[in-house]
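FYI, the numbering for the sequence shown is 27 to 181, going by this note's numbering.
Just so you know, even glycine gets a beta-carbon here, dropped at the ideal spot from N, CA and C.
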Amino acid sequence: METPSYYVAEKPLFHKEGFTLIEFLLVLTIISLTLFLTVTNQQSLIPTFDLETQVAKLTSEIDYYQSLAIKHKQPVLLVFRPYHNDIKIQIGNEKPFYDSLSPLILLNSSNLDYIQFNTHGHITKFGTLKFLYHQQKFKLIFHIEQGRYRVSLEN
Numbered sequence: 027m028e029t030p031s032y033y034v035a036e037k038p039l040f041h042k043e044g045f046t047l048i049e050f051l052l053v054l055t056i057i058s059l060t061l062f063l064t065v066t067n068q069q070s071l072i073p074t075f076d077l078e079t080q081v082a083k084l085t086s087e088i089d090y091y092q093s094l095a096i097k098h099k100q101p102v103l104l105v106f107r108p109y110h111n112d113i114k115i116q117i118g119n120e121k122p123f124y125d126s127l128s129p130l131i132l133l134n135s136s137n138l139d140y141i142q143f144n145t146h147g148h149i150t151k152f153g154t155l156k157f158l159y160h161q162q163k164f165k166l167i168f169h170i171e172q173g174r175y176r177v178s179l180e181n
């Protein structure tokens, strides 16, 4: 007995619900371009640090250590080390720690090697710290007594 032809399932030559190779490559290209553009635009979202930002960061750190001396009623010693390009920080009798100045470069021509804030936030030494940041120079000029300083930008 022969099976009627309407019971025989025919195998389709192609699958209609699938993607063709061209469609697949097109989708893959669009996804790749989207990912590439997203990743490369992330670089522009990272803030670029200019000279003013670096000066503000440095001065805020110095202000922080001055206020720390006043708050804890302990002297705070900041030793500027141009050959290491960092600041050695010692609060009272505690173990010193180091804070890198990078991306700033502390120049050897600076005539101030340390400042010490007393318990009132005053300093007994004055002088100038000279820095370089991306071919731009600036100075921090410390005045004696109340721990005040000013910033001088060079052209």
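List the whole-angstrom C-beta distance separating residue i from residue j, where the pair is believed to meet the contact cut-off of C-beta under 8 Å.
i: F157; j: L133; result: 7 Å
i: Y159; j: L138; result: Actually they are not in contact, since the Cβ atoms of Y159 and L138 sit about 18 Å apart, beyond 8 Å.
i: G173; j: F143; result: 6 Å
According to DSSP, which residues form a beta bridge with residue i?
i: K156; result: K165
i: L18; result: The chain is shown only over 27 to 181; residue 18 falls outside these bounds and no answer can be derived.
i: S178; result: K165
i: Y124; result: K114
i: E171; result: I149
i: I131; result: L158
Tell me which same chain residues have a C-beta within less than 6 Å of the C-beta of residue i, skipping the five on either side of it?
i: I72; result: Only weak support exists for where I72 lies, its pLDDT of 49 falling under 50; the value from the coordinates is given anyway. Same-chain partners within the cutoff: there are none.
i: Q116; result: L103 and P122
Under 7 Å Cβ to Cβ from residue i, same chain only, skipping five residues before and after it: list those, please.
i: F152; result: F168, H169 and I170
i: Y175; result: L166, I167, F168 and H169
i: V81; result: F164 and V177
Comparing alpha-carbon positions, which option in the options lies nearest residue i?
i: E120; options: V65, F62 and H98; result: H98
i: H146; options: L94, T154 and K165; result: L94
i: T154; options: L51, E78 and V177; result: V177
i: P108; options: G118, Q92, S136 and Q100; result: S136
i: H148; options: F164, Y91, N111 and L59; result: Y91
i: Q162; options: E78, T55, F62 and T46; result: E78
i: F106; options: Q100, Y140, L52 and D76; result: Y140
Only counting the same chain, and skipping five residues up and downstream in sequence, which positions put a Cβ closer than 8 Å to that of residue i?
i: F50; result: none
Original post:
Given 8 Å as the limit, is there contact between the region 82-96 and the region 117-134, that is, 3 or more CB pairs closer than that?
Top reply: A contact is defined here as three or more CB-CB pairs under 8 Å, and the region 82-96 meets this definition with respect to the region 117-134.
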